[in-house]
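In the numbering used here, the protein residues as written are 285 to 560. Ideal Cβ placement from N, Cα and C applies to all residues, glycine included.
In structure tokens form, the structure reads like this:
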């Protein structure tokens with residue numbers, strides 16, 4: 285079955301004056317307009333396309349890559365505010381509507397917001413919502429410490445940065461665990477630091493414990509290579525100096541430098557570390 289709001293792999297059924305008709309194994313057909321038809325194609329060839337409703341509410345497909353898909357989240361810009369809500373640029377000709385009732389705050393033209401895309405059951409249209417929390421749940425989280433996860437930075441809180449974890453859950457990166465600039469809409473890799481009894485997720489941007497050592501050492505080594513084999517960092521360097529240079533804590537720097545020293549890849553002097 286062709287799923288609107290998502291990518292579908294369909295077969296080329298026939299070529300017409302208005303474009304290609306593509307279909308699935310259940311006999312459902314959808315148009316790929318001429319402007320999206322590739323130069324080379326064959327009948328029965330499989331093609332991956334994104335399917336949605338056009339301005340006339342007709343199912344249509346495109347080879348364009350939208351910035352968000354159904355049941356996903358993205359950081360989108362308001363291109364227009366109309367009578368029914370805000371229209372977001374999601375990379376397609378028809379903009380994504382966020383109705384006023386689905387706005388956590390009144391949206392303004394030119395501003396950007398974290399938005400969820402879903403199929404509205406009443407209108408059967410793809411719809412956006414900035415009421416992100418109602419689409420996230422931590423009820424069935426099944427992570428272990430140090431599991432790697434995909435993150436979308438949602439908003440700043442007094443404790444740190446709230447993030448959307450693996451497109452399903454809510455997590456928090458505490459300010460004390462952030463050693464590089466972070467902004468709303470950033471896509472990051474993270475690691476599960478702790479799963480609390482109430483299922484809340486604490487997230488780190490670096491591996492935890494012993495797993496942290498090797499990547500941290502590599503980061504220091506890469507920075508040394510970039511700086512012609514020298515970094516003016518040592519045990520007496522301030523945490524701020526280390527953070528601004530390497531985007532890591534002083535504790536992480538000391539552990540990483542210790543690994544490189546034991547591997548005889550660096551020499552530690554009073555003025556800094558040297559690449560051997």
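Q. Can you pull the DSSP bridge partners for residue 396?
A. As a position in the chain shown, residue 396 is number 112, starting the count at 1. Residue 396 pairs with 361.
Q. If you follow the alpha helix (DSSP H) that residue 529 is part of, which residue opens it and which one closes it?
A. Numbered from its first residue, the chain shown carries residue 529 at position 245. Its alpha helix (DSSP H) spans residues 523-530.
Q: Pull up the DSSP beta-bridge partners for residue 463, would you.
A: Position 179 of the chain shown, counted from the first residue, corresponds to residue 463. Answer by DSSP bridge pairing: none, since residue 463 is not bridged.
**Q.** Residue-chain proximity (residue 393, chain C), Cβ-Cβ < 7 Å
**A.** The question asks about chain C, but that chain is absent: this structure has only one protein chain.
Q: Would you mind reading off the limits of the beta strand (DSSP E) that contains residue 471?
A: Numbered from 1 along the chain shown, position 187 holds the residue referred to as residue 471. Its beta strand (DSSP E) spans residues 471-479.
Q: Classify residue 397 as buried or exposed, calling it buried when 16 or more other Cβ atoms lie within 10 Å of its own Cβ.
A: Within the chain shown, numbered from 1, the residue matching residue 397 stands at position 113. So residue 397 counts as buried.
Q) Would residue 473 be called buried (16 or more neighbouring beta carbons within 10 Å of its own) or exposed? A) For the purposes of this step, residue 473 is taken as residue 189 along the chain shown, with counting starting at 1. Burial call: exposed.
Q) From residue 305 to residue 296, what does the alpha carbon distance come to, in whole angstroms? A) As a working note, residue 305 is residue 21 in the chain shown. As a working note, residue 296 is residue 12 in the chain shown. Their Cα atoms are separated by approximately 6 Å.
Q | Beta bridge counterpart(s) of residue 500 as assigned by DSSP | A | Stepping through the chain shown from its first residue, residue 500 is reached at position 216. According to DSSP, residue 500 bridges with nothing at all.
Q: Measuring alpha carbon to alpha carbon, tell me which of 442, 525, 559 and 410 ends up nearest residue 512.
A: Against the chain shown, residue 512 aligns to sequence position 228. The shortest Cα separation from residue 512 among 442, 525, 559 and 410 belongs to 559.
Q: Identify, in the order they occur along the chain, each residue of the same chain with its Cβ nearer than 6 Å to the Cβ of residue 527, setting aside the five sequence neighbours on each side.
A: The residue given as residue 527 occupies position 243 in the chain shown. Cβ within range, chain order: 463.
Q | Secondary structure of residue 561, DSSP reduced to three states | A | Not covered by the structure: residue 561. The range shown for the chain is 285 to 560.
Q) How should residue 313 be labelled, buried or exposed, when 16 other C-beta atoms within 10 angstroms of its C-beta is the threshold for buried? A) In the chain shown, the residue the question calls residue 313 occupies position 29. Counting Cβ neighbours within 10 Å, residue 313 comes out exposed, since fewer than 16 surround it.
(Q) Checking the sheet assignment: what are the DSSP bridge partners for residue 372? (A) Position 88 of the chain shown holds residue 372. The partner list for residue 372 (beta bridge, DSSP) reads 362 and 380.
Q. Alpha carbon to alpha carbon, what distance is there between residue 440 and residue 488?
A. Here residue 488 corresponds to residue number 204 of the chain shown, with the count starting at 1. Here residue 440 corresponds to residue number 156 of the chain shown, with the count starting at 1. Spanning the two alpha carbons is a distance of roughly 15 Å.
Q | Cβ-based burial, residue 411 [other Cβ within 10 Å; buried from 16] | A | If you number the chain shown from 1, residue 411 lands on position 127. By the neighbour-count rule (16 or more Cβ atoms within 10 Å), residue 411 is buried.
Q: Could you pull the start and end residues of the alpha helix (DSSP H) that residue 455 belongs to?
A: Translated into the one-based positions of the chain shown, residue 455 becomes position 171. Premise fails: residue 455 lies in the beta strand (DSSP E), 453-458, not in any alpha helix (DSSP H).
Q. Roughly how many angstroms lie between the CA atoms of residue 503 and residue 428, to the nearest whole one?
A. Within the chain shown, numbered from 1, the residue matching residue 503 stands at position 219. Within the chain shown, numbered from 1, the residue matching residue 428 stands at position 144. Roughly 24 Å separates the two Cα atoms.
Q. Residues bridged to residue 336 by DSSP?
A. The residue you call residue 336 lines up with position 52 of the chain shown. DSSP, once it has assigned bridges, lists 344 as partnering residue 336.
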